[in-house]
Amino acid sequence: MANVKANKKKKKETSSFRKYIGIFWKLFALGIVLVVSVFLLASWGLLGEMPTFEQLENPETNLATEVFSSDGETLGKYYNENRTPIKYEELPPNLINALVATEDIRYYDHSGIDARGTLRAIAYLGSNGGASTISQQLAKQLFTGVRSSNIFEAVTQKIKEWVIAVRLERSYTKQEILAMYFNIYDFNNNAVGIRSASRIYFGGKEPQELKIEEAAVLVGMFKNSSLYNPRRNAEGVTNRRNVVLLQMERAGFIDEKQKDSLQALPLKIDYHPESHQSGLATYFRMYLREFLKDWAKENPQANGETYNIYRDGLKVYTSIDSRMQTYAEEAVQAHMSNLQKEFDRQNKNNKTAPFRKVSSEEIDRIIERSMKNSVRWWEMKDKGFSEEKIRASFDKKTPMSVFAWNEKREKDTIMTPRDSIYYYKSFLNTGMMSMEPQTGEVKAWVGGIDLRHFKYEHVKQARRQVGSTFKPFVYATAIDQLHLSPCYELPNTLHTIPAGKHGVTKDWTPKNSGGKYGGMVSLKEALANSLNTITSRLIDKIGPEPVIDLLDKLGANTENIDPVAAIALGSVDLSVFEMVSAYSTFANKGVYVKPVIVTRIEDKNGTILYQHVPESRDVMSEEAAYVTINLMEGVTQGGSGTRLKTDSNYAANLTHYKRAVTGYPYAFKNPIAGKTGTTQNQSDGWFMGIVPNLTTGVWVGGEDRSVHFPGITYGQGATMALPIWGIYMKKVYEDEDLEVSKGAFEKPEVLTIQTDCDAASSENTTTEGGEITEELDL
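Take any residue in the sequence shown, count from 1 to its spot, add 99: that is its number in this note's numbering.
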């Protein structure tokens, strides 16, 4: 009886167990069906929009346009997001190992979803680590975005990420997914993608150059780049870095000894922000941006769309040499900061500072004009403020950051906007450009002292009176027309061009700036000492029209230059860009080469979209060009540029040398052709310097012509501009890899014009070696 009862009980238990097993498998099957159904629903887009196959193949990201120097360095970028993608092959093992160890240790074993990690996350309700694989995190970054606070939407997003992760794994290799993940992540501080992050947080380093502990810092930021921001949370970043190093040790990528030593290292961040207004060649990049926009309009894509320089990932290769650009910027900073001290000292007792020789009414007009051109004026006007309120705002003190010659290039202060206009007007500014005459490649471009605070660009945009730097064009025209020798002599006496001739409205008798006259002087001596008497005789003979014609052939814009005799003394407004390209023709044997700043443009896939084709033309004979160079060599041999060649103790002890001739002595021993220029009231100081394979022009002056030194000693081009050239060229010559010439200018194979004045006869010679006849009537 007992056995019967036991058997019945056993059968009942077996039946119940089978029932439960059946229920379990039914529930399991239902779960599978539900999961599959959810995945199907998600993939069909019924849980919200999903990326198409095309989008998965080409995930849309904003890619920065990158600008490269001729020596392969990154000058800067144009971007909505500062993202420059790199390939898997460019990722160092340290970075990859750190990421896999920290974020997805079974990355190479799953197909987008880590089942083991998912079950663990479910079992522990996420308290023992999440389950997102690298592929899922990439899916979230690319397509689903920030996690919703709504539970249902959050779950839906997670499901979509699973589906997308699986699709990504089918569309891309593991290596490609890793590269995409590194390229897509926002590391904050304008660092989008691993390359930008590496450069910004570690002093311009490329990812391949990162040390293990540096790679660990960046991988640690994947958890939360805002929280683990190296600029704001050094302690938290250090702790997070050490967690990554611990994970790398657990995964076997580093040993315990390495881990311990690396964790003991202090956090070292070398923050190098990348923005449109910082870094190298800022003014050049500002000009280049407009160049690229114009190019994009004229060269649409195959589908008709215009290239967008902020998101299409173009690669722009320029002629700028990063080393020469650095030397140029260093030279500008060294001299301009020093010159400004002297300028400020001489303005202390100036009651109308920073203006000179203008009435109070004219000063009011300058300030009024500046107010109406200011950002403040236009922003308030756009917001509907009355003119009365706008004007009143210029007299209310307000906290602001203004430019200053210190390490940060700015200082915090409180002043009225009106006073800030006076403050900014008090600064001297500069424009500098360096170009290779034979190729037209622009090697250095400094458009001002600081782009953040001085937006006006002084290489291409600004046009200023050129003063005596115009005289070589007059001499070159006369040499080309009349075959004059540098040794040819003329009387250093006042010369009058009568009213009605060469556009002169009344008798014109230019005087020498030094007031010295008398005797006969050679053309070489006359140009070296910038004698106006000799230049007036030359322009009287050849006329202004041929000079303007030459200038036009040399690439300058001559539309607004009137054919009057006064142009001979530099009343013409030209840009540094025009002056450098024109002077380069003399060094290039009379052949003008159009300046080039962009050598090649590629799309994000490396397809060449633009390739520079040199443009050149013959302007003057090789002989005339060489003779003009020979004349300008006299400027540095015995004229206003002599200080480039000397190391005189006497000069070094002169007050103005100590205060304003920065970098002296220069003591160059090589041939240098050059020309200084100073305009009326010392408003503009110029120096143009040429060696056989490099032409460099420098301008220095105030934003307004009424802002200048009170006297010629400090206000001349030889003091204001020449030192920048001297400092720059010393640095250039010290860098032998640049191969900037120290040799002599090459003579033409046939030279019929006498250039050796020591060997010449005491009589003036023509190209035939005979006498200049009275027919020249000079």
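Glycine is no exception: its CB is placed at the ideal position from the N, C-alpha and C atoms.
Checklist entry - Just how far apart, CA to CA, sit G319 and R340? => result Here residue 319 refers to the residue found at position 220 when the sequence shown is read from its first residue. Here residue 340 refers to the residue found at position 241 when the sequence shown is read from its first residue. Distance between the alpha carbons of G319 and R340 is about 6 Å.
- prompt: Considering only C-alpha positions, which residue in the set Y756, Y523 and Y832 is nearest to S434?
  reply: The count along the sequence shown starts at 1 and reaches residue 434 at position 335. First, the amino acid is wrong: residue 434 is His here, not Ser. Closest by alpha carbon: Y756.
_For V545, count the other beta carbons within 10 Å of its own beta carbon; 16 or more makes it buried, fewer makes it exposed. Which is it?_
Along the sequence shown, read from residue 1 onward, the residue named residue 545 stands at position 446. So V545 counts as buried.
Just to confirm the assignment, what range does the alpha helix (DSSP H) spanning F685 have? Here residue 685 is taken as the residue at index 586 of the sequence shown, counted from 1. V675 to A686 is the span of the alpha helix (DSSP H), which, as asked, contains F685.
Practice problem: List the whole-angstrom C-beta distance separating V646 from T684, where the pair is believed to meet the contact cut-off of C-beta under 8 Å. | Solution: The residue given as residue 646 occupies position 547 in the sequence shown. The residue given as residue 684 occupies position 585 in the sequence shown. V646 to T684, Cβ: 14 Å. No contact.
Can you tell which of D803, L174 and E833 has the C-alpha that lies nearest to the C-alpha of D420? Position 321 of the sequence shown, counting from 1, holds the residue named residue 420. Of the listed residues, the one whose Cα sits closest to D420 is L174.
Original post:
CA-CA distance, D203 and T529?
Top reply: Counted from its first residue, the sequence shown places residue 203 at position 104. Counted from its first residue, the sequence shown places residue 529 at position 430. Rounded to whole angstroms, D203 to T529 spans 54 Å at the Cα level.
ask   = Which runs of the beta strand (DSSP E) fall wholly inside the region 532-589 and span at least 3 residues, in chain order?
value = 541-545
Assuming the contact rule is C-beta atoms closer than 8 Å, E722 and L850 should be a hit. Round their C-beta distance to whole Å, please. Mapped onto the sequence shown, residue 722 falls at position 623. Mapped onto the sequence shown, residue 850 falls at position 751. At roughly 6 Å, the Cβ-Cβ gap stays under 8 Å, so E722 and L850 are in contact.
Residues near S670 in its chain [Cβ-Cβ closer than 7 Å; skip 5 each side]:
The count along the sequence shown starts at 1 and reaches residue 670 at position 571. Cβ neighbours of S670 beyond the five flanking positions: Q564.
Original post:
For the alpha helix (DSSP H) that contains G733, what are its first and last residues?
Top reply: Mapped onto the sequence shown, residue 733 falls at position 634. Counting along the chain, the alpha helix (DSSP H) containing G733 begins and ends at E721 to G737.
Quick one: what does DSSP say G816 is sitting in, helix, strand or coil? Your numbering for residue 816 matches position 717 in the sequence shown. Helix.
Rounded C-alpha distance that separates G602 from Q560
For the purposes of this step, residue 602 is taken as the residue at position 503 of the sequence shown. For the purposes of this step, residue 560 is taken as the residue at position 461 of the sequence shown. Distance between the alpha carbons of G602 and Q560: 29 Å.
Can at least three beta-carbon pairs, one atom from the region 781-789 and one from the region 387-406, be found at a separation below 8 Å?
no
(message) What would DSSP say about W143, mapped onto helix, strand or coil?
(response) As a first step, residue 143 must be located in the sequence shown, where it is residue number 44. Model confidence at W143 stands at a pLDDT of 46, short of 50, so the residue's coordinates are unreliable; what they give is reported in the following sentence. If DSSP states are grouped into helix, strand and coil, W143 belongs with coil.
query: From which residue to which residue does the alpha helix (DSSP H) around A430 run?
result: Here residue 430 is taken as the residue at index 331 of the sequence shown, counted from 1. Its alpha helix (DSSP H) spans residues S421 to N446.
message: When you compare the CB positions of K694 and E556, do they come within less than 9 Å of one another, or not?
response: Start at 1 with the first residue of the sequence shown, and residue 694 comes out as number 595. Start at 1 with the first residue of the sequence shown, and residue 556 comes out as number 457. The question names Lys, but residue 694 in the sequence shown is Pro. Cβ distance not < 9 Å, so P694 and E556 don't count as in contact.
Alpha carbon of V839 to alpha carbon of A724, nearest angstrom:
Counted from its first residue, the sequence shown places residue 839 at position 740. Counted from its first residue, the sequence shown places residue 724 at position 625. Each residue's Cα considered, the two are about 20 Å apart.
Check: How is the beta strand (DSSP E) around S500 delimited, first residue to last?
Finding: Here the question's residue 500 lines up with position 401 in the sequence shown. T497 to V501 is the span of the beta strand (DSSP E), which, as asked, contains S500.
#### Entry: Rounded separation between T417 and T608 - CA only
Residue mapping note: residue 417 aligns to position 318 of the sequence shown, counting from 1. Residue mapping note: residue 608 aligns to position 509 of the sequence shown, counting from 1. Their backbone Cα atoms lie some 47 Å apart in a straight line.
List the endpoints of the continuous alpha helix (DSSP H) containing I195.
Against the sequence shown, residue 195 aligns to sequence position 96. Residues P192 to E202.
Checklist line | Candidates L162, A625 and K273: closest to G738 by CA position | finding: The count along the sequence shown starts at 1 and reaches residue 738 at position 639. Ranking the options by Cα distance to G738, first place goes to A625.
Best match in N328, H594 and E313 for proximity to D639 [C-alpha to C-alpha]: By one-based count along the sequence shown, residue 639 stands at place 540. If we check each option's Cα against that of D639, H594 comes out closest.
Quickly, what does DSSP pair K774 with across the bridge? List them, please.
Locating residue 774 in the sequence shown gives position 675, counting from the first residue. Answer is M787.
G335 to N323, Cα distance in whole Å?
Position 236 of the sequence shown holds residue 335. Position 224 of the sequence shown holds residue 323. If you take the alpha carbons of G335 and N323, they lie about 11 Å apart.
Query raised in the report: Would you say the region 800-809 touches the region 449-459, given that touching needs at least three Cβ pairs under 8 Å?
Result: yes
Checklist entry - Could you give the uninterrupted runs of the alpha helix (DSSP H) lying entirely in the region 603-680, keeping only those of 4 residues or more? => result 622-627, 631-641 and 643-652
Can you check whether the CB of E373 is closer than 9 Å to the CB of R298? By 1-based counting over the sequence shown, the position of residue 298 is 199. By 1-based counting over the sequence shown, the position of residue 373 is 274. Closer than 9 Å, so yes.
| message | Here's a check: name, in chain order, each residue in its chain whose Cβ is nearer than 6 Å to the Cβ of A543, leaving out the five neighbours to either side. | response | Here the question's residue 543 lines up with position 444 in the sequence shown. If we look at A543 and ignore the five residues flanking it on each side, its Cβ neighbours are M423, Q424, A427 and S533.
Q. Contact between the region 401-414 and the region 564-582: three or more CB pairs below 8 Å?
A. no
Note to self: I'd like to confirm something about E461: is its beta-carbon nearer than 8 Å to some heavy atom of the ligand FAD, or not?
What the structure shows: In terms of ligand content, the structure shown is empty, and the ligand FAD therefore cannot be addressed.
### Task
Put N528 into one of helix, strand or coil per three-state DSSP.
Position 429 of the sequence shown, counted from the first residue, corresponds to residue 528. Looking at N528 - three-state DSSP - the assignment turns out to be strand.
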